[in-house]
Structure formats: C-alpha cells, structure tokens
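Asks: Residue numbers (UniProt numbering): 1 to 1070.
For glycine and all other residues, C-beta sits at the position ideal for the given N, C-alpha and C.
Because the structure is a prediction, the values reported are computed rather than measured.
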C-alpha cells in the first residue's frame, strides 16, 4: 500500500487526489502518519491536518486552512513571504473558501521555482460538519497545478456517504480511490502478525515472561481474530501488557472461543467487552457492581460524547455540576432522583473559594489551588474536590487499554481509537450484555444540566473586571480571561446548546434553561465575546428556538426568540466590545423587548440620555450585503437552512445566522431565476447568457450546463429533483432529464398550443405531474407532464402580462402575479379563480411586475410589488397577514421559507433582506379590503370583522388567527353582532341579513329585509330567537328567526335601549 502511495506522490501527472478509505481500525491513520513522515523527509510535505472528533478545532474546518497556511509558511521562505503579504492584504478573512484562495493558492501562484507539494489530511470523516467535508473536497478538486507548483492531496477517511458523494462530484481524472479494507488482504495479515510479534516481544522482555511466548499458533489465532483490523492488534497488545495482570493469563482470555458472530467488528467487540469486564468489575463484589457500572457509564460516557476534550480536573467539575455521577449512584440505591434544583450544588460549593472576591487576582482558576491560611471549611471543600477528582482518576487508570491515560495531570483523557466510541454508544454491539452500554441521550441531558449549573454559578456582569465599556475583546488580558473563564466554563458557554439538542427534554429541563436565560443571557453573550465566539450565538439560539417550539413552554419560546433577535441585531457590536452588551446594545433594544425588561437594571446608571427606540422589534430580521448588481432572484432551500440569491453570481447564505457560505461564479450575464431541488442538494440557475447551470448545493461544484438558444427567463426543479423545466423569452418550454443532461421535451413557440409571446415564469406542481407557465401574452397555461410530451390542460386569463406563477406544494392551488400588481389564486383542478387582489388606485404603475411564491404547507402566499413592498397572504381566506416595506430599493425577487416563518426579498439596491412573518409579533387582523367594523364575542374570545368586499371574518382574539371567512355578496358589510351565547353571528349589508354558525362558519339562513336600504345596525334579543335592526332610512324592524317573518308593522312600536349586556328591544304584544 505504501509503495502504491509513494508511486502516486512521485508521478508528474495523473490524479492529484489520493483517497484512501477504510473501515474503523484498518490502519488509515498509521499509514497517514507514515506517509507524512516519508514525504517530509523528502522535503515535499507542505502541511498536514489530522481531524479528530471531540477535540474542538480538530473536529471542524474553522482552523483548517489557517493551520495549513501556518505550516506552509515554514515550508519555504519564498512561500512565507507571499503568505505574509496575503495576511496583510486580507487581515479579516473568515470564509474557508476565501482563506484557501488568499492564503494557499494566491501565494503558491507567485512561486517561480517548479515544485511538488503534498498535503496529508487524515480522518476527514471525523469533521463534524458535512458541508465542510464537501467544501474541502471541492477546494482540493479545483487546486490543480498552481503556476509552477503541483499540488498533491493524500486523504484518508471511513467510506461514508458525504465523502463518497464529494469525491464522485470531482472529475474522474482528479482523484484515485483505494479501499484499504478490501485490498491486499494477504499483506495486511502479514503486517498484523509482524506487529504482534514486535509488541509481544517487548511485553515478554519487560514482564520477564518465562519460556517461549507467545506460541506461533496463538499469534495465528490473534491474526485471524483481528480480521484485518489493526486496532484489534493494538488493543490486544495493550490488554496483554496490563501491569496489573499476568501476560499469559491475559492472552488466554483473548484466545477463548466465543459465539460473537461473523461481523467485521465481532472480535473487536468481544475484546472491548473483555477489557471492560476486567478493568471495571474485576474483583468487585456483586453488591457494588451496579454503582461501579453506573459511574463508569457516567464518566466514560461523558468523555465519548464531549465536543471538546477536558483535563481531569475540569472534567470533574463538569461531572459534579451535572449531578449525574452522584444522582445515578443514589438512583441505584434508592431508585429516586434528586431534585433538579440540587443539580450543580457540588460544583457551586467547590467553586466558591476559587471565585474569590470581585477583582481578586490571587487564585489560578486553572489549577484551583488556594493560598495558605484558608478557613477550615475551605480546606474541607478542597479535600472534597480532590476526593472527587481522585475517584475519576482511579476509574480512568484502569482503562489504559482503550483510553490514553498516561498523563492525566497534564493531558486530557483521550480515546485510543474512535471504534471504542462506536462500541459504547451502539446498543446492538453488546452481544446480550447491555451493562456497559452508554445511553447517549441520557449523558447529553446530564451534561446540559452541568453546563447550565456552571454558567449560572460563574457568569456575571463584567466577569473579567474590564470596568471600561470601550475596551475591545482583543485588548483584554488573555491570562485574566483564562482565569475568570476557566476551561470548564469555556466549554459550558460553547456547547450547552449542542448538548441540549441531543438530550431527553422534559419540563424540568426546559425550566432550568428558562431560568438560566432570564438571569444570565447577557452574561453569556459577554463571555462568548471574550472567548471570540459571539458570532455563534445566533446559530445556537436559532437551533434552540426550533427545538423548544416542539414543547409547550410559551415563556421560554418567546424569550429565546427575543434573544435571537437581540443577537442578530447586535452580535457584531458585542463581538468587538463585551461591555457594550449593557451600555449600547441593551440601551437601544426596543422598550417592550423581553430582554430589555429583564435586564433593564444592568444598563449603567451613568447613562442619562435616553435614545429614541421602537416599542417592538420590526419585521426586518437581517440585511444580507455583498451583491454588486440588483438581486434578480432569491430562493429558500426546502429544509429552510439556506438562502440563495443572485445577480450575475450566486450567493448561498446560512438562513439561521445570515452569514455568507459560498459564492458561485460562472454565468456571464444576469441570473434571472434560481431554484433548489426538493432535497436541498442541488441548485439550478438560469441566466440571460442562455445557459442553465446545475450546482451541488453543499460544495458549490458545477455539475451540469444546459444550453439554450435564447436568454432564459425562468427555471424550476421537479419535486423529485430528477427534471428541470426552463423557459425563454421567445416562448419555448423545455423539460430536461438532469441525470443524462438530455432534453426530454421542447414545446416550441411555433406549436399551436404554446404561448404566443415569451414565457416569464414556470413552476412544477408538488407531485411533478403538472407544469404551469406564465407569459407576456396575458395567459398562464397548465400542462400535463406525459412521458414524451406536454399536453395543454387549461389556459387562464390575466388582464396584463403574467410575470410570475407558483404551484402549491399540495398541487391543489396555483398563484399568479401580473404586471399590474394583481395577485390571482386559482383552483388547480377546476381551473376557476378563487380570489384576486388588485393594487389600489394607480399603485400598479410602480410595480413593474408582481412575483408570487408559496410556503411549503401551502397555507401562505408571498407576493412582491416593486416599490409597494412585499405582502404575505393566507391562501384559504385571502386575508393579508403582513406587509413589508423598505424604501431603499424596488423589490424584484421574493421567496417564502418552507415553514412560512420568514420571507427573503431581493432589491434593486443590491441587498437581500430577511423578514419575520409575524412570529412573536403583535396580534393583528388584516384584510385585503377595507374593514368597516369589528365586534367582540361576549366571552371576549373571538372577533368578527366586516369589510367592503362583502365578506365578514371571524378571528381568534388571542392569537389573531383567522378562523372563518363568511362570504355573502359583493355589497359591503356594515353591521355584525354575536348572539348572546356566542354561537351565531348576524351580518347586515344592502337589504340583507345573514345568520352564520360561529363554529363552522356556515350560513344558517338569509333574511331579505329591505330592497332599498342598507342594514346599518342590528342585535339579537336576549333569548336569541329574534333580531332587531335599523336601516339607513332610520326605520326599525323586528324579525322572528325561526319563521323568518317580520313581527312589527309599526316602526314606532319598537323601543331600543342600551343595557350592560347589549341592546334590548321591546314591542307591545310580543
């Protein structure tokens, strides 16, 4: 294998990427280290990076490029000069792709001397973010010879799908793939045998084993049990060499026959189980086994699920704070759990002496040692702390076969190999013995509580005693920061939300989160700023909000949303200057913001001026800047994770944090239309350069190009992502199979059924069976997608050119927009118009074109009207839910997030704006027509409104949601009233009274009361059996609702008076 790799590295041509894949334990990392050492000796190792899950920056790509650039700097003085200049030219470069271009490719392109540089990348599968994995592969793929420098990339990983897909998306000539676990089986066995002979010979010598040992037949059995896994051989040698046991006895245990199955990991699992039984249980009596096992699961379970390794002291603090160790021990004894309020008490007691007085610099927060002369109780607490830490060390010391515990005082305990993590967390790999299984969710739950307890105890306003609000985070004394925010607190601030996402969430845990946020949210922001990770707060709060929405904790949901808005608005300010959290951000927060109300007392008293601030957060969540030209098209990914925008380039944004993820270049003219595939994995873009391009949404790689003879005006994916429909300004409809890049159907403009003029917009139905197209010829047409043709089903008419069309996800409704600003909604089965909105007055002249889009649940439509802004509609009732306006430019593209919670719009001012669709907003009712009246039900739970379009609407008074639309005739509704039992509503319009059922919204009966006057006011009698009304003629009439007959002939015989319960009416004789 090494010879194969060395031949590749020495070749002057051929593939520049060598991907070595293999199952866990097959020796990939060992090969990577060997290759790195060999090419380093030859002077060709530019840099190396060994990913490792659970080791902070080694588990993601945040430091990947800068680490390679740092090593490359010391590789060659000429390269160092250019990297130094690149850093000066680009001092702030956060995007991985930009860093690669600026700090790797650009410096290398300026080297005059021909050279070959090799990068060694190990365990790419242990990079947590799959998007990062595919981005890294894309960067490698495009990094062919750079000037005089030929780059080679040696990459190892498990054969996992994201990496396989990333490799497959590269040109075939760019990569060479070798599966380690399936090649050279004979050589692998020989290597394992040689390794065992070498290692056990050392054991023989060190332990002074008598006689010839081990025997050849024993080594043969071990090789067979290893089944090609070097990790088995390595672990076996550590197990046999354990100084607490006799080597011969240890080897005998491994050689025993078993019925563990024939899977690749069966023998490895058996050995892990043997190690644990011996190391953890050993001579432990049966009575103490439950407690010992639970402590093992808590301690080792914590180590394997941590997102970043912690030294034993700080790990001990986290375990104490979580309460898991002691709580689980008590649970084994008395089957009861401690109260949630007790979580973290041990940690808080242990930390009291370390915290000291504010501003005290005496103690080292890292080692926790106290000065002499402390009080007796302080000594007792320190002893307690040491006792706990010793318990942890004692447990870990026994696990040297599977954990690196050689120097627990200075180095964090580490897994010897990731396969041990897989073994512990997979319940099915215990062969009938579940005692050592680590319940990942339970462990994450304990860690969530521990993180919250640590933060609640330690975080406070001005935690590092900076005093001056103008001090920047980069100016803070780093030793002081490390002292005031020790490693366990750093970990808690960085990862508590990550643990919460993987926890078993119950009401008590939600309450703990709520209590922490309402007391320490801003302190947490301050700490993140000092740690340089404030930019991550928005992502964490977004994810937290999505999770708490599942549970019925309204106070927490509102608080998290408010915190998200606060973070999105002020994170850049807080990131630079921690104390501006209180002096500026909080001071400019809306008056009715929950954050403002909770933390008002933390605004410094010396700030006397009160700036003018709004009462509530406005609808604009974020402005995304970066485009140069007008933003011609925008789209949300179906999973709501990304936003796509375009001018003549495509930009992909994180929908949660509004950060730019990628810029895709390739079009030579304006991009007129963009769309995501249904699985969010692909992007299609259509341009005036006559080309539609298909991109990989994760890596940004160009997958296909589809050429047109004329500029493309619109593109769309079928829901299954297998077809694309595209249209041009000259009228053709083209359907493409993107698997083969072949043109399946071309419905040309000369065909009688086609549009007479250019097509502006096209969309697939949710089921992929239909296509709708909108044209300059004032029509939209619905087509049936058949195997080899498009059959015209219906033509629908607009009064102006149709500028945009959209199908609802359920395929039942079509929306269309036209140049006059009109929005029309159509039944996709009956092809009849359901409702229409027209711009009032002459406003349509400002629109240019009207754009429409549906939410994923088919319940909402968003429409863009140029300078008139953006509107969000309820499909069922045609009610206007919200209007967004920004005076900076004309809105020329719009999309609604699949969950219906956000709108993204693109404007002529080159900005993309992200809007909130009423989440947590003030309750309001809105209609497309003029509202003539509103009235409450007697119990205050509902509202009825009447409008000039002939409809009345019933609303929930608490949430503002529309319950029913009551459709009468075209005449305005001037009066409406609830019956005394709130079960019926009476509405009055021109010569007509209608009685409606409140629960169903159905019409019960109609009273034709006057053909000359409008019913101006009306009311039910106290028994709800009669109704009285007054017309504009000032005449009054009383009607029986059962017979629908008028009861009075003499209007003067009715008296009307107001009472506390409404209007009472009397007539003599009734």
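1. Going by other Cβ atoms of all chains shown within 10 Å of its Cβ, with 16 needed for buried, is residue 882 buried or exposed?
2. Hey, would you say residue 200 sits closer than 9 Å to residue 223, going by beta carbons?
3. Tell me whether residue 597 sits in a helix, a strand or coil according to DSSP, three-state version.
4. Tell me which residue opens and which closes the alpha helix (DSSP H) that residue 166 is part of.
5. Kindly indicate which residue of 623, 562, 952 has the alpha-carbon position closest to the one of residue 616.
6. Roughly how many angstroms separate the alpha carbons of residue 445 and residue 776, rounded to a whole number?
7. Taking all protein chains shown into account, decide if residue 606 is buried (16 or more other Cβ within 10 angstroms of its Cβ) or exposed.
8. Going by other Cβ atoms of all chains shown within 10 Å of its Cβ, with 16 needed for buried, is residue 23 buried or exposed?
9. Going by beta-carbon coordinates alone, are residue 53 and residue 421 separated by less than 9 Å?
10. Return the bridge partner residues of residue 1100 from the DSSP annotation.
11. Going by the beta-carbon positions, is the gap between residue 585 and residue 637 smaller than 9 Å?
12. Under a Cβ-count criterion, where at least 16 other Cβ atoms within 10 Å of its own Cβ denotes burial, should residue 57 be classed as buried or exposed?
13. Starting from residue 771, trace the beta strand (DSSP E) in both directions and tell me its first and last residue.
14. What whole-angstrom Cβ distance do residue 574 and residue 529 have, given they're in contact under 8 Å?
15. Should residue 759 be labelled buried (16 or more other beta-carbon atoms within 10 Å of its own) or exposed?
16. What does DSSP give as the partner residues of residue 450 in its beta bridges?
17. Would you report the Cα separation of residue 867 and residue 659, rounded to the nearest angstrom?
18. Take residue 665 as the anchor and find which of 652, 657, 656, 675 has the nearest alpha-carbon.
19. On a Cα-Cα basis, can you pick out the residue from 110, 145, 100 that is closest to residue 13?
20. Do you know offhand how far residue 81's Cα is from residue 118's?
21. What number of angstroms, rounded off, separates the C-alpha of residue 853 from the C-alpha of residue 168?
22. Just tell me which of 8, 427, 476 has its CA closest to the CA of residue 578.
23. Once the 5 residues before and after residue 1044 are set aside, which same chain residues still bring their CB inside 8 Å of it?
24. Is residue 647 close to the ligand GTP? I mean its beta-carbon at under 8 Å from any heavy atom of the ligand.
25. Please list, in chain order, all residues of the same chain as residue 1002 whose beta carbon is under 6 Å from its beta carbon, the five residues on each side excluded.
26. What distance in whole Å lies between the Cβ atoms of residue 219 and residue 246, which are believed to be in contact at a cut-off of 8 Å?
27. For residue 172, tell me which candidate among 142, 156, 183, 162 has the shortest Cα-Cα distance.
28. Would you kindly report the start and end of the unbroken alpha helix (DSSP H) that includes residue 899?
29. Determine the extent of the beta strand (DSSP E) in which residue 87 is found, giving its start and end residues.
30. Where do the ends of the alpha helix (DSSP H) carrying residue 425 lie?
31. Going by C-alpha distance, which of 890, 897, 272 is nearest residue 906?
32. Determine, using beta-carbon pairs with one atom in the region 970 to 982 and one in the region 934 to 941, whether at least three such pairs fall under 8 Å.
33. Measure how close the beta-carbons of residue 414 and residue 309 come, nearest whole angstrom, since I'm counting them as under 8 Å.
34. Taking the alpha helix (DSSP H) that residue 23 belongs to, which residues open and close that run?
35. Buried or exposed, going by whether 16 or more other CB atoms sit within 10 Å of the CB of residue 712?
36. So, at 7 Å on beta carbons, what are the nonlocal neighbours of residue 877 in its own chain, with the 5 sequence-adjacent residues on each side left out?
Replies: Reading off the structure:
1. In the chain shown, counting from the first residue as 1, residue 882 sits at position 882. Within a 10 Å sphere around the beta-carbon of residue 882 sit 16 or more other beta-carbons, which makes this residue buried.
2. On the chain shown, residue 200 is found 200 positions in, with the first residue counted as 1. On the chain shown, residue 223 is found 223 positions in, with the first residue counted as 1. No. Outside cutoff.
3. Within the chain shown, numbered from 1, the residue matching residue 597 stands at position 597. The three-state reading of DSSP puts residue 597 in helix, counting H, G and I together.
4. Taking the first residue of the chain shown as position 1, residue 166 is located at position 166. For residue 166, the uninterrupted alpha helix (DSSP H) segment begins and ends at 161 to 168.
5. Taking the chain shown and counting its residues from 1, one reaches residue 616 at position 616. When each option's Cα is compared against that of residue 616, the closest is 562.
6. The residue labelled residue 445 in the question sits at position 445 within the chain shown. The residue labelled residue 776 in the question sits at position 776 within the chain shown. When only Cα atoms are considered, residue 445 and residue 776 end up about 59 Å apart.
7. On the chain shown, residue 606 is found 606 positions in, with the first residue counted as 1. Residue 606 should be labelled exposed.
8. The count along the chain shown starts at 1 and reaches residue 23 at position 23. So residue 23 counts as buried.
9. Working through the chain shown from its first residue, we reach residue 53 at position 53. Working through the chain shown from its first residue, we reach residue 421 at position 421. Yes. Within cutoff.
10. It is not possible to answer for residue 1100, since the shown part of the chain is limited to 1 through 1070.
11. Here residue 585 corresponds to residue number 585 of the chain shown, with the count starting at 1. Here residue 637 corresponds to residue number 637 of the chain shown, with the count starting at 1. Contact: no.
12. Here residue 57 refers to the residue found at position 57 of the chain shown. By the neighbour-count criterion, in which 16 or more other beta carbons inside 10 Å mark a residue as buried, residue 57 falls on the exposed side.
13. Position 771 of the chain shown, counted from the first residue, corresponds to residue 771. First-last of the beta strand (DSSP E) with residue 771: 770 to 775.
14. Walking along the chain shown from the start, residue 574 turns up at place 574. Walking along the chain shown from the start, residue 529 turns up at place 529. Between residue 529 and residue 574 the Cβ distance is about 5 Å, and since that is below 8 Å, they are a contact.
15. Against the chain shown, residue 759 aligns to sequence position 759. That one is buried.
16. Sequence index remark: in the chain shown, residue 450 carries index 450 (1-based). The secondary-structure analysis by DSSP pairs residue 450 with nothing; it has no beta-bridge partner.
17. Stepping through the chain shown from its first residue, residue 867 is reached at position 867. Stepping through the chain shown from its first residue, residue 659 is reached at position 659. Distance between the alpha carbons of residue 867 and residue 659: 26 Å.
18. For the purposes of this step, residue 665 is taken as residue 665 along the chain shown, with counting starting at 1. Looking at 652, 657, 656, 675, the one whose alpha-carbon comes closest to that of residue 665 is 652.
19. As a working mapping, residue 13 is identified with position 13 in the chain shown. Out of 110, 145, 100, 145 has the C-alpha closest to the C-alpha of residue 13.
20. Here residue 81 refers to the residue found at position 81 of the chain shown. Here residue 118 refers to the residue found at position 118 of the chain shown. Answer to the nearest angstrom: the Cα atoms are 20 Å apart.
21. As a first step, residue 853 is located in the chain shown; it is residue number 853 there, counting from the start. As a first step, residue 168 is located in the chain shown; it is residue number 168 there, counting from the start. Taking the straight line joining both Cα atoms gives about 34 Å.
22. For the purposes of this step, residue 578 is identified with residue 578 of the chain shown, where counting begins at 1. Minimum Cα distance to residue 578 is reached at 476.
23. Position 1044 of the chain shown, counting from 1, holds the residue named residue 1044. Counting only Cβ-Cβ distances below 8 Å, and skipping sequence neighbours, we find 1005, 1007.
24. Here there are no bound small molecules, and the ligand GTP is not part of this structure.
25. Walking along the chain shown from the start, residue 1002 turns up at place 1002. Cβ neighbours of residue 1002 within its own chain (closer than 6 Å, five residues either side excluded): none.
26. Mapped onto the chain shown, residue 246 falls at position 246. Mapped onto the chain shown, residue 219 falls at position 219. The C-beta distance from residue 246 to residue 219 rounds to 18 Å, too long to meet the 8 Å contact threshold.
27. By one-based count along the chain shown, residue 172 stands at place 172. For residue 172, the closest alpha carbon among the candidates 142, 156, 183, 162 is that of 142.
28. The residue given as residue 899 occupies position 899 in the chain shown. Counting along the chain, residue 899 falls outside any alpha helix (DSSP H), and DSSP gives it neither H nor E.
29. If you number the chain shown from 1, residue 87 lands on position 87. Looking at the DSSP string, residue 87 is not in any beta strand (DSSP E); the run it does join, the alpha helix (DSSP H), is 77 to 89.
30. Start at 1 with the first residue of the chain shown, and residue 425 comes out as number 425. In the DSSP annotation of this structure, the continuous segment of the alpha helix (DSSP H) that includes residue 425 starts and ends at 418 to 425.
31. In the chain shown, residue 906 corresponds to position 906, counting from 1. Out of 890, 897, 272, 890 has the C-alpha closest to the C-alpha of residue 906.
32. Short answer: they touch.
33. As a position in the chain shown, residue 414 is number 414, starting the count at 1. As a position in the chain shown, residue 309 is number 309, starting the count at 1. The Cβ separation is near 6 Å, so the contact holds.
34. One-based indexing of the chain shown puts residue 23 at position 23. Annotation for residue 23: no alpha helix (DSSP H) segment contains it, and DSSP assigns it neither H nor E.
35. Position 712 of the chain shown, counted from the first residue, corresponds to residue 712. By the 10 Å Cβ count, residue 712 comes out buried.
36. To locate residue 877, count along the chain shown from 1; it is residue 877. Around residue 877: 953, 962, 965.
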